[in-house]
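Protein chains: 2
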Amino acid sequence: PDPEAIAAATHRDAFLTKPPGALGRLEELAIWYAGWRGTARPRLAAPQVVIFAGNHGVAARGVSAFPPEVTAQMVANFAAGGAAINQLSETFGAAMTVHPIDLDRPTMDFTAQPAMSGAELAAALAIGWNAVDPKADLLIAGEMGIGNTTSASAIAAALYGGDAAGWTGRGTGVGGAALEAKTRIVEEALACHAGALGDPAEVLRRLGGRELAAMAGAILRARHLRIPVILDGFICSAAAAVLERARQGALDHAVAGHVSREAAHGMLLDKLGKAPLLSLDLRLGEGSGAALAIGVLRGALACHSGMASFEEAGVSAG
Amino acid sequence: PDPEAIAAATHRDAFLTKPPGALGRLEELAIWYAGWRGTARPRLAAPQVVIFAGNHGVAARGVSAFPPEVTAQMVANFAAGGAAINQLSETFGAAMTVHPIDLDRPTMDFTAQPAMSGAELAAALAIGWNAVDPKADLLIAGEMGIGNTTSASAIAAALYGGDAAGWTGRGTGVGGAALEAKTRIVEEALACHAGALGDPAEVLRRLGGRELAAMAGAILRARHLRIPVILDGFICSAAAAVLERARQGALDHAVAGHVSREAAHGMLLDKLGKAPLLSLDLRLGEGSGAALAIGVLRGALACHSGMASFEEAGVSAG
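So the protein sequences, as listed, match chains A and B.
The first sequence runs 122 to 439 under this note's numbering.
The second sequence runs 122 to 439 under this note's numbering.
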């Protein structure tokens, strides 16, 4: 981030027609955004939503309430404009693209072997990297992939330790015996790869999925382009956490858009040191919670960049 | 609300391309809105923000970090487009009007006598009632009035009991000895009017201000017109609470847009049984938190009314 832009934005904030700090988190958000964009008075002109879809070998073990063919069906729904993320992208003025990745070739079942080869991981990271529009001024990475909360749980447990049960939740709707089975599958995955999980990139290769790798690639590219990121839910945050574990501070260009109903998401955001902007019990993925948070960022930037100062307005400061 | 519209909206929600409940509070919000508008697939076309301003006799006792002339100065800032609420109204597509009420004639100091006469209360209520555009499909009532958190604290304590200290906070920025003095002033006000606080309308007349009465009038009018309301912060919520205490369920057409940093606001929302949509440490007033929540409502309605069903999209239900 640009220290001069941060200083100038902080200075500007102090003279706007409001009591100091009265806009709360909107003020931090505007100053953070100003720093990454390198300008004291930024506007949001070109937010981008990139959705990656992948299939998971582990889905064959019944970890989801939905069958694997739903991944491709939902990609068609994204293309036709019928999904939640289509409506939210339109509402908040974001350009949206969808990137299905080898849907007819699921990853390997990571309870028995690495999910991806090194070449497959690299290809998925590159798809994410290339999906980012260099002209975007905000990035949201979303996902679709039946079985991918299981992958996210395994990744979070591998990166931060703790038992599988704590990191495993209902996903899109499993409960009872199915949730117990899902937890055991995460335990199996961790046991299978124990001893090979010291390197975050290796965690992503062994326990991830193509859409998670692509999200990590996109978030990394955004950092290089100084494009601020709003993180979505548990799966997006798990993909992002790989970057943070690989290099501390790698997510300084990202804020947490929301905390989902998946309990592990709140735990993961705590580990990342990020307080969510929204908490509305979403558990959909697709980038939906992050897209909703574009509204909060738009409001923050409109206030920061549009308000009059005390002097301009002739208002007595307190 | 219209039970047929609620039933139809609930039915529609169940078949949209998402796991059941995956949009969390957005789903409740859309169904609530559909019920009040009497249509299963509503859109938000004409949100209205009405801002009322008033001056308070009690401000002369130093309860605010800002001098009383700031009320009129901020009204000029609203008119010129320089305040936070101007930026937020524009961002979220709301029409905004400002209604200063007798600024050169503050209410009486309510630590010694009723803030308003019966005629003054009625006039302020009518200003609020008349400010609502019957063609609006969402209402936000905001306020400006140096000293008005003191009025809101006294009203909340009178309506719900509890000690003055619990209901009194920093407002726009008082602390330390000034906060203790503010708390004593609320105690004085409650003692002065003890025995006359059984009737909520009388609480409003004795401890309120013109802008609080106008907000109550506007929220009441919205109910008659079946216009849903997003409540703003502590002062707006205190004005609204007068209606709820006068008639249980009077705020069923309202949701809480946010919870502010003023601790008493969270307490008051608990009393009203309303969970806030946002929690971003705002403490500005002006309708700002509620205006920001328009984004959440827009997102909820866009998903509800715009998404494809499983059948339309050819997606397998779980």
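The beta-carbon is built from N, C-alpha and C at its ideal position, and this holds for glycine as well.
Asked	Found
Chain B partners of Gly427 (chain A), CB-CB under 7 angstroms?	Gln208
Tell me which residues share the same chain as Gly183 (chain B) and place their Cβ nearer than 8 angstroms to its Cβ, disregarding the 5 neighbours each side in the sequence.	Ala299, Ala302
Could one say the Cβ of Glu365 (chain A) lies closer than 9 angstroms to chain B's Cβ atoms, at least one of them?	no
At a Cβ threshold of 9 angstroms, is Ser272 (chain A) touching chain B?	no
Determine the DSSP secondary structure at Ala375 (chain A), reduced to helix, strand or coil.	strand
Is Pro227 (chain A) helix, strand or coil by DSSP?	coil
How about Leu401 (chain B) and Leu398 (chain A): are their beta carbons less than 9 angstroms apart?	yes
DSSP has Ser430 (chain B) in a bridge; who is on the other side?	B:Leu137
Would you say Phe213 (chain A) lies against chain B (beta-carbon separation less than 9 angstroms)?	yes
Which class does Gln369 (chain B) belong to by DSSP, given the choice of helix, strand or coil?	coil
Rounded to whole angstroms, what's the CA-CA distance from Ala135 (chain A) to Ile348 (chain A)? Just pull it up for me.	25 angstroms
Between which two residues does the beta strand (DSSP E) carrying His177 (chain B) extend?	Element bounds for His177 (chain B): n/a, residue is neither H nor E.
Should Ala161 (chain A) be listed as close to the ligand GTP, given that the test is whether its C-beta is under 8 angstroms from any heavy atom?	In terms of ligand content, the structure shown is empty, and the ligand GTP therefore cannot be addressed.
Comparing alpha-carbon positions, which option in B:Leu144, B:Ala130, B:His132 lies nearest Gly294 (chain A)?	B:Leu144
Rounded to a whole number of angstroms, what is the C-alpha to C-alpha distance between Leu389 (chain A) and Glu211 (chain B)?	35 angstroms
Tell me which residues share the same chain as Asp123 (chain B) and place their Cβ nearer than 7 angstroms to its Cβ, disregarding the 5 neighbours each side in the sequence.	Gly156, Gly159
Can you list, in chain order, the residues of its chain with a C-beta nearer than 6 angstroms to that of Arg382 (chain A)? Leave out the 5 residues immediately preceding and following it.	Asp402, Arg404
Do you know how far the Cα of Ile306 (chain A) is from the Cα of Ile152 (chain A)?	43 angstroms
Does the segment 333-350 of chain B come into contact with the segment 193-206 of chain B, if we say contact requires no fewer than three beta-carbon pairs (one atom in each stretch) closer than 8 angstroms?	no
List the residues of chain A that Glu433 (chain B) touches, going by C-beta distances under 8 angstroms, in chain order.	Gly203
Just verifying my parser: in three-state terms, what is the DSSP assignment at Gly297 (chain B)?	helix
Counting only Cβ pairs nearer than 9 angstroms, list the residues of chain A close to Asn251 (chain B).	Near Asn251 (chain B) there are no residues of chain A at all, since even the closest Cβ is about 28 angstroms away, more than 9 angstroms.
Shorter than 9 angstroms from the beta carbon of Gln87 (chain B) to some beta carbon of chain A?	Summary: the structure shown does not reach residue 87 (chain B), with chain B confined to residues 122 through 439, and so no result is reported for it.
Quick check on DSSP: helix, strand or coil for Thr304 (chain A)?	helix
What does the Cβ neighbour count give for Arg366 (chain A), buried or exposed, with the cut at 16 atoms within 10 Å?	buried
How long is the line joining the alpha carbons of Gln169 (chain A) and Val253 (chain A), rounded to whole angstroms?	8 angstroms
With a floor of 4 residues, list each alpha helix (DSSP H) that falls wholly inside the segment 238-302 of chain A, ordered by position along the chain.	239-252, 269-281, 285-288
Is Glu494 (chain B) buried or exposed, if buried means 16 or more other CB atoms sit within 10 Å of its CB?	The question about residue 494 (chain B) has no answer here: the residues shown for chain B are numbered 122 through 439.
Which of the residues in the segment 176-198 of chain A, read from start to end, lie with their CB under 9 angstroms from any CB of chain B?	Ser185, Ala186, Phe187, Pro188, Glu190, Val191, Gln194, Met195, Ala197, Asn198
Distance, Cα to Cα, Gln208 (chain A) vs Leu137 (chain A)?	34 angstroms
If contact means a Cβ-Cβ distance below 9 angstroms, which residues of the segment 379-409 of chain B contact chain A?	Ser381, Arg382, Leu398, Leu399, Ser400, Leu401, Asp402, Leu403, Arg404, Leu405, Gly406, Glu407, Ser409
Starting from the beta carbon of Ala302 (chain A), find every residue of chain B whose beta carbon is closer than 7 angstroms, and list them in chain order.	Simply none; closest approach about 16 angstroms.
Enumerate in chain order the residues of its own chain whose CB-to-CB distance from Ala186 (chain A) is below 7 angstroms, with the five nearest sequence positions on each side excluded.	Thr293, Gly294, Val295
Identify the contact partners of Cys313 (chain B) in chain D, using a Cβ-Cβ distance below 8 angstroms as the criterion.	In the displayed structure, chain D is absent; the protein chains listed are A and B.
Which term fits Ala166 (chain B), buried or exposed, when burial requires 16 or more other beta carbons within 10 angstroms of its beta carbon?	exposed
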